[in-house]
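Trainee:
Protein chains: 2
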Amino acid sequence: MNLPKLPPLPKPSLSMVTRYMPILQWGRQYDRDTLTSDVVAAVIVTIMLIPQSLAYALLAGLPAQMGLYASILPLFAYAVFGTSRALAVGPVAVVSLMTAAAIGKMGLSNPADIAIAAGTLAFMSGGILVVLGVLRLGFLANFLSHPVIAGFITASGILIATSQLKHIFGIKAEGDTLLEMGVQLFENQHLTNPITLAIGLGATAFLFWVRKGLKPLLLQVGLKPRLADILAKAGPVAAVAVTTILAFAFNLGDKGVSLVGEVPMGLPPLTAPSLSPALWSQLFMPALLISIIGFVESVSVAKTLAAKKRQRIVPDQELIGLGASNVAAAVTGGYPVTGGFARSVVNFDAGAETPAAGAFTALGILLAAMLLTPLLYFLPKATLAATIIVAVLSLVDLSILSRSWAYSKIDFASVAATVFLTLGFGVEMGVSAGVLLSIALHLYKTSRPHVAEVGLVPGTQHFRNIHRHAVDTLPGVVTLRVDESLYFANASFLEDYVLNRVTRDKTLRDVVLMFPAVNEVDMSALESLEAVNQRLKDMGIRLHLSEVKGPVMDRLKRSHFLHELTGGVYLSQWDAWCALHQQASEADAPAVAEREDLAAQ
Amino acid sequence: MNLPKLPPLPKPSLSMVTRYMPILQWGRQYDRDTLTSDVVAAVIVTIMLIPQSLAYALLAGLPAQMGLYASILPLFAYAVFGTSRALAVGPVAVVSLMTAAAIGKMGLSNPADIAIAAGTLAFMSGGILVVLGVLRLGFLANFLSHPVIAGFITASGILIATSQLKHIFGIKAEGDTLLEMGVQLFENQHLTNPITLAIGLGATAFLFWVRKGLKPLLLQVGLKPRLADILAKAGPVAAVAVTTILAFAFNLGDKGVSLVGEVPMGLPPLTAPSLSPALWSQLFMPALLISIIGFVESVSVAKTLAAKKRQRIVPDQELIGLGASNVAAAVTGGYPVTGGFARSVVNFDAGAETPAAGAFTALGILLAAMLLTPLLYFLPKATLAATIIVAVLSLVDLSILSRSWAYSKIDFASVAATVFLTLGFGVEMGVSAGVLLSIALHLYKTSRPHVAEVGLVPGTQHFRNIHRHAVDTLPGVVTLRVDESLYFANASFLEDYVLNRVTRDKTLRDVVLMFPAVNEVDMSALESLEAVNQRLKDMGIRLHLSEVKGPVMDRLKRSHFLHELTGGVYLSQWDAWCALHQQASEADAPAVAEREDLAAQ
């Protein structure tokens, strides 16, 4: 593993300019070695990205060239503003699917309108990302829990693969949900074009073989691992080349095989996003979801790759980098982009050292857009569909269902709901419901906190649950360890719990609430504690607190509660134990004396 | 204070019938003494409730008699299904205001349509309460934090008092917000009727004096406290009687003074709520908010009063009791009702022992509806407005703003937003935004947990924050106490925190995460812990856990994490300290020896 050659990323104390433009940091140390590494990585990523860009544009329901355009200026923008050294930005599967869903809902038929809508979506999504970045709101992405993301990505992979079956069969089947697409595939199956099907199945089988079997074979015949890797990554290019030549040679377009057709040659066009308020209000929610999903996907890749070289990424600056990429896509005929998982890993493995590798990749795609597009005329759509299917099936990981089931039913509920709703009601419904459900379940769980009655582990100063450990307790004293921060949602739960516990045991004199796990006492909970104190006082029982944390204690001192508290506040539960033990001995002393008197009689 | 004479309320193990109908429990022990107490309380509450019912109906924008109807059958229904011994159900100020807001939005002008809408609102609200009760979802009300409730009640009190100014001035001024009403009051002030204003101001001044000055005066002249209390409560009735006689004697109706006018005499009518889906969809949100606000207000009163006699209420059964009351209101010409604060306290102080007091109150109101309504013809609306203003100003408590500011800025933000939005945008906006904001702020707070670096308090086995206490630490070991449950919203925060801390100190060999306050580790947090473990491993640092709670440990055991963990899991931080201390001594021993060799040379 390479050790970091480059200086650490700028800290917030550095000037604004270098903070917002990391290129000014790494650019200064750029040398010939770094250049070589970056160029090699760029060549490999370019070869991989050309067919992917075309394919994802078709997945998004857009002309193929928009995929190429989305892979040029956005990469330069990320190279200037991004903080990850290895992230490869461009059109990705999930965001393309979300773009298709957002634009499909609008019922547009004119290709020019569709292209403008896609560009506007990229523009809005870029704007949202930049605003979140400048306001340092990157933490919002944390509310997308890992299980929800995993469920969403898996379900999206299934939806994407299903959406490509129409190209493999050469029939029509539109829709945003599994059911809609399934019904249409079933109804139109008699229209299947056998040549298209042969190309589609052939390409799929070939690509699966390339992915699983080619590299071991190449290694066996004596190729170096690095070269074998590169050749295996070139599989989609080979499939594209071979099927294009077949379609040209046998004039398959006339035999009903869908081809990519004319792709304009030249520089990406300059485009302006629409400023229509009606369009903006329609696209706002999709743009927000695309921004957040794109950011989460991208940051998780970037973090993983950065950690491997002990580098760090700056999430809030990543928002700005991705935002700039999307704005760049919007003004050069592209559509929403983000950092892709597979291509970033390829970029990293191929030795990319700086974001300049992305800029070189962009040059490669630019050359392709200017020179190679006429060659794409005869490219069968079924081939592109095959590349998508093979790529996205690696995203599908249904084991998240069983893993989350084993670990926590609440996490499982979030995953299952996300998967089910994404497949059944589309991507937007799936991810929104997943987020809301995770938050609701978390709140529900914290609204019924775990409360343990604890005793002293003999020979230590440590207190544990009386039902899990062999512990000592003091007569007339009950110690309750509250295992949750106290806030409005569980304030009255604690009140009810303590009062129920107390009414079960008429001999109680002291209740100790042990607060090592109470990280917060909000105003609702403070009022509940005051109520508990008052009601116990009415019953002749004292209320004590122990192990109250510093921040909580600071806050309690600002209220009247500590003045009204009938008992003490102890630094540790051991102190509370000693104090109450001594008081009990003193209180019992006369009683013991009396009993001795009785025994003596 | 009286000790409880009655048996405890039914536990869930008792039969379904007695659980859902508490009357079957307390009814069996009903005797003559209890009857006397209940009847006395009922007489006092009836005297208080007659003018209140009329006034609140007008506040809700409904004919005065609907207030009386809402105070008859609902009280019987609560007597059968409710669990509080002292709660007095009927029309209340805040719910009347919410009813006015809900119905005002619909733009109805036909009084019959308005009455049907009000009945339907009561029916839906009752249905929602019953469903929540049967499904035992009473805990949902906990998500309304105390500061939000306090802010909402205060702002509602201000809105209600302002809404009554139009009756005091005898002018028109409609609106749901402070601004709307203020503008209209200002624009129409030249239309003020001087006689109306004289009656309104006179009644207001009289009622304030009754409230503050009458009881001390009566006590001075030698009346018994109880009688003085009852006479002071009869103030509104006196104001009603005197101003009605004045209006009759001087024929004030012809002089532009608004009078209540004809109020139908007789039994409450049987009414059917509308079943129109359009109406239901319009009223659903208001009905939900009315149910929850009504329930929260009612339960807090009921809990306070029950605690004074060491009784308990059953919140889920209270939902059913209040739901039945609202359904009863819907079918007998009433509108939404709930347990009122002031009248319940009066009922309690007057000695009510069982819900039968409510039934007797209902009989009193029924008699009033059948016999006294002709007398109300000449009652000036300004008098009713004065009774409302004096009653609701006791709800207004702006000190909640300063108290919450002193205690917690986050609680303050919830209060301030609720007050501001209720005054500025109406009750529905205010309370909804208050709830959402409290939840959002809570999530935000827990998404950035407090993490303390701790050391040993010398001479104890107790560990505290190194910045707050004089503590010992071990070289090469950092112990971080995580003061929050770990879940998706803060999982990556912890990851970043630990890695930042570790990179600051190159001599570290061991990191201990101390989990006494970690009540949950969800799947997102588990993955973050795995990432922390892996990255520390890459840096040659071991990760240990200590004081992991039982439920959290159970869950971790179901994952692979504990197998991959590079360090140990210790029952207590003291155990971790001892183990790491010993390892450090063993590791250092040769180093010390070497240094001694060097010194010897």
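Protein sequences, first through last, are from chains A and B.
Residues 1 to 601 (my numbering) make up the first sequence, in order.
Residues 602 to 1202 (my numbering) make up the second sequence, in order.
In this text, a Cβ means the ideal position worked out from N, Cα and C, and glycines have one as well.
Treat the numbers as computed from the prediction; the structure is a model and nothing was measured.
How far does the beta strand (DSSP E) with residue 318 (chain A) in it extend, from its first residue to its last?
Mentor: Here residue 318 (chain A) is taken as the residue at index 318 of the first sequence, counted from 1. Unbroken run through residue 318 (chain A) is the alpha helix (DSSP H), 315-331; no beta strand (DSSP E).
Trainee: So, is the C-beta of residue 1128 (chain B) closer than 8 Å to a C-beta in chain A?
Mentor: The residue you call residue 1128 (chain B) lines up with position 527 of the second sequence. It does: the Cβ of residue 1128 (chain B) has a partner Cβ on chain A nearer than 8 Å.
Trainee: Between the C-alpha atoms of residue 733 (chain B) and residue 725 (chain B), what's the straight-line distance to the nearest angstrom?
Mentor: Stepping through the second sequence from its first residue, residue 733 (chain B) is reached at position 132. Stepping through the second sequence from its first residue, residue 725 (chain B) is reached at position 124. Cα to Cα, the separation comes out at about 12 Å.
Trainee: To the nearest angstrom, report how far apart residue 557 (chain A) and residue 1010 (chain B) are at their CA atoms.
Mentor: Within the first sequence, the letter at position 557 stands for residue 557 (chain A). Within the second sequence, the letter at position 409 stands for residue 1010 (chain B). Rounded to whole angstroms, residue 557 (chain A) to residue 1010 (chain B) spans 15 Å at the Cα level.
Trainee: With DSSP as the reference, label residue 1182 (chain B) as helix, strand or coil.
Mentor: Looking up residue 1182 (chain B) in the second sequence gives position 581. Three-state result, residue 1182 (chain B): helix.
Trainee: Hey, how far is the Cα of residue 963 (chain B) from the Cα of residue 655 (chain B)?
Mentor: Counting from one through the second sequence, the residue named residue 963 (chain B) turns up at place 362. Counting from one through the second sequence, the residue named residue 655 (chain B) turns up at place 54. Taking the straight line from one Cα to the other gives about 15 Å.
Trainee: In whole angstroms, give me the CA-to-CA distance for residue 1193 (chain B) and residue 1183 (chain B).
Mentor: Reading the second sequence from its first residue, position 592 is the one you call residue 1193 (chain B). Reading the second sequence from its first residue, position 582 is the one you call residue 1183 (chain B). Low confidence applies to residue 1193 (chain B): its pLDDT is 40, below 50, so where it sits in the model is not reliable, and the reading given next is rough at best. Spanning the two alpha carbons is a distance of roughly 15 Å.
Trainee: Is there a C-beta anywhere in chain B that falls below 8 Å from the one on residue 349 (chain A)?
Mentor: Position 349 of the first sequence, counted from the first residue, corresponds to residue 349 (chain A). With 8 Å as the cut-off, residue 349 (chain A) does not count as an interface residue toward chain B.
Trainee: Check whether the stretch 1061-1075 of chain B and the stretch 1088-1096 of chain B touch, using three or more Cβ-Cβ pairs below 8 Å as the test.
Mentor: The stretch 1061-1075 of chain B, when compared against the stretch 1088-1096 of chain B, does not touch it at the 8 Å Cβ threshold.
Trainee: Can you tell me which of the three DSSP states residue 528 (chain A) falls into?
Mentor: Taking the first sequence and counting its residues from 1, the one referred to as residue 528 (chain A) is at position 528. Looking at residue 528 (chain A) - three-state DSSP - the assignment turns out to be helix.
Trainee: What residues from the stretch 123-155 of chain A come within 7 Å of chain B, judged by C-beta to C-beta, listed N to C?
Mentor: Under the 7 Å Cβ criterion, the stretch 123-155 of chain A contributes 139, 142, 143, 145, 146 and 147.
Trainee: Against residue 1012 (chain B), what residues of chain A qualify as contacts under a CB-to-CB distance less than 7 Å, listed in chain order?
Mentor: Along the second sequence, one-based indexing puts residue 1012 (chain B) at 411. Result: 522 and 523.
Trainee: Taking Cβ positions only, does residue 550 (chain A) come closer than 8 Å to chain B?
Mentor: Sequence index remark: in the first sequence, residue 550 (chain A) carries index 550 (1-based). True, the Cβ-Cβ gap to chain B drops below 8 Å.
Trainee: Is any non-hydrogen atom of the ligand ADP found closer than 7 Å to the C-beta of residue 371 (chain A), if you look at the structure I gave you?
Mentor: You won't find the ligand ADP in this model; it holds no ligand whatsoever.
Trainee: Strictly by DSSP, which residues pair up with residue 1082 (chain B)?
Mentor: Position 481 of the second sequence, counted from the start, is the residue given in the question as residue 1082 (chain B). Beta-bridge pairing links residue 1082 (chain B) to B:1053 and B:1115.
Trainee: Is there a Cβ from chain A that is less than 8 Å from the Cβ of residue 1088 (chain B)?
Mentor: Here residue 1088 (chain B) corresponds to residue number 487 of the second sequence, with the count starting at 1. Yes, because at least one Cβ of chain A sits closer than 8 Å to the Cβ of residue 1088 (chain B).
Trainee: Helix, strand or coil: how does DSSP classify residue 177 (chain A) here?
Mentor: Position 177 of the first sequence holds residue 177 (chain A). Residue state, collapsed to three classes: coil.
Trainee: If the cut is a Cβ gap below 9 Å, which residues of chain A does residue 1062 (chain B) touch?
Mentor: Position 461 of the second sequence, counted from the start, is the residue given in the question as residue 1062 (chain B). In chain order: 460, 461, 462, 572 and 574.
Trainee: Hey, is residue 1164 (chain B)'s beta-carbon within less than 8 Å of any beta-carbon in chain A?
Mentor: Residue 1164 (chain B) sits at position 563 when you count from the first residue of the second sequence. No, no contact with chain A.
Trainee: Using a threshold of 8 Å, state whether the C-beta atoms of residue 51 (chain A) and residue 199 (chain A) are closer than that.
Mentor: Reading the first sequence from its first residue, position 51 is the one you call residue 51 (chain A). Reading the first sequence from its first residue, position 199 is the one you call residue 199 (chain A). Not a contact, by the Cβ cut-off of 8 Å.
Trainee: With respect to the alpha helix (DSSP H) encompassing residue 1094 (chain B), which residues constitute its N-terminal and C-terminal limits?
Mentor: Looking up residue 1094 (chain B) in the second sequence gives position 493. Counting along the chain, the alpha helix (DSSP H) containing residue 1094 (chain B) begins and ends at 1089-1104.
Trainee: Less than 8 Å between the CB atoms is what I'm expecting for residue 536 (chain A) and residue 513 (chain A), so what's the real figure, rounded?
Mentor: Working through the first sequence from its first residue, we reach residue 536 (chain A) at position 536. Working through the first sequence from its first residue, we reach residue 513 (chain A) at position 513. Not confirmed; about 10 Å, so no contact.
Trainee: What does residue 1008 (chain B) touch in chain A if you count any residue whose Cβ is under 8 Å from its own?
Mentor: Here residue 1008 (chain B) corresponds to residue number 407 of the second sequence, with the count starting at 1. Those are 523, 526, 555, 558 and 559, listed as they occur along chain A.
Trainee: Within 10 angstroms of the Cβ of residue 577 (chain A), are there 16 or more other Cβ atoms? Answer buried if so, exposed if not.
Mentor: Start at 1 with the first residue of the first sequence, and residue 577 (chain A) comes out as number 577. Looking at its Cβ environment, which holds 16 or more other Cβ atoms inside 10 Å, residue 577 (chain A) is buried.
Trainee: Considering just the uninterrupted stretch of the beta strand (DSSP E) at residue 546 (chain A), what are its terminal residues?
Mentor: Sequence index remark: in the first sequence, residue 546 (chain A) carries index 546 (1-based). 542-546 is the span of the beta strand (DSSP E), which, as asked, contains residue 546 (chain A).
Trainee: Nearest-angstrom Cα distance between residue 36 (chain A) and residue 153 (chain A)?
Mentor: Here residue 36 (chain A) corresponds to residue number 36 of the first sequence, with the count starting at 1. Here residue 153 (chain A) corresponds to residue number 153 of the first sequence, with the count starting at 1. Cα to Cα, the separation comes out at about 35 Å.
Trainee: Please confirm whether residue 445 (chain A) has its beta-carbon closer than 8 Å to some beta-carbon of chain B.
Mentor: By 1-based counting over the first sequence, the position of residue 445 (chain A) is 445. Yes, residue 445 (chain A) lies at the interface with chain B (some Cβ there is under 8 Å from its Cβ).
Trainee: Using the beta-carbon of each residue, which ones in chain A are nearer than 8 Å to residue 1069 (chain B)?
Mentor: Taking the second sequence and counting its residues from 1, one reaches residue 1069 (chain B) at position 468. Within chain A, the residues near residue 1069 (chain B) are 550.
Trainee: Who are the Cβ neighbours of residue 1171 (chain B) in its own chain at under 6 Å, not counting the five residues just before and after it?
Mentor: Reading the second sequence from its first residue, position 570 is the one you call residue 1171 (chain B). Closer than 6 Å at the Cβ level, and outside the excluded window around residue 1171 (chain B), lie 1147 and 1177.
Trainee: Thinking residue 1122 (chain B) and residue 1153 (chain B) are a contact (beta carbons under 8 Å), I'd like their distance in whole angstroms, please.
Mentor: Counted from its first residue, the second sequence places residue 1122 (chain B) at position 521. Counted from its first residue, the second sequence places residue 1153 (chain B) at position 552. So it is a contact: roughly 5 Å between Cβ atoms.
Trainee: Just the Cα atoms here: how many angstroms apart are residue 96 (chain A) and residue 432 (chain A)?
Mentor: The residue given as residue 96 (chain A) occupies position 96 in the first sequence. The residue given as residue 432 (chain A) occupies position 432 in the first sequence. Taking the straight line from one Cα to the other gives about 18 Å.
Trainee: Would you check if the distance between the CB atom of residue 829 (chain B) and the CB atom of residue 807 (chain B) is smaller than 8 Å?
Mentor: Within the second sequence, residue 829 (chain B) is the residue found at index 228, counting from 1. Within the second sequence, residue 807 (chain B) is the residue found at index 206, counting from 1. No. Outside cutoff.
Trainee: Could you work out which residues of chain A lie near residue 1085 (chain B), taking near to mean beta carbons separated by less than 9 Å?
Mentor: Position 484 of the second sequence, counting from 1, holds the residue named residue 1085 (chain B). Chain A residues near residue 1085 (chain B): 485, 519 and 520.
Trainee: Quick one: grab the DSSP three-state call for residue 259 (chain A).
Mentor: For this step, residue 259 (chain A) is matched to residue 259 along the first sequence. Residue 259 (chain A) falls in the strand class under three-state DSSP.
Trainee: Less than 8 Å between the CB atoms is what I'm expecting for residue 790 (chain B) and residue 776 (chain B), so what's the real figure, rounded?
Mentor: Translated into the one-based positions of the second sequence, residue 790 (chain B) becomes position 189. Translated into the one-based positions of the second sequence, residue 776 (chain B) becomes position 175. Not confirmed; about 15 Å, so no contact.
Trainee: Any residues in the stretch 421-445 of chain A with a beta carbon nearer than 9 Å to a beta carbon of chain B? Which ones, in chain order?
Mentor: Within the stretch 421-445 of chain A, the residues whose Cβ lies closer than 9 Å to some Cβ of chain B are 438, 439, 442, 443, 444 and 445, listed in chain order.
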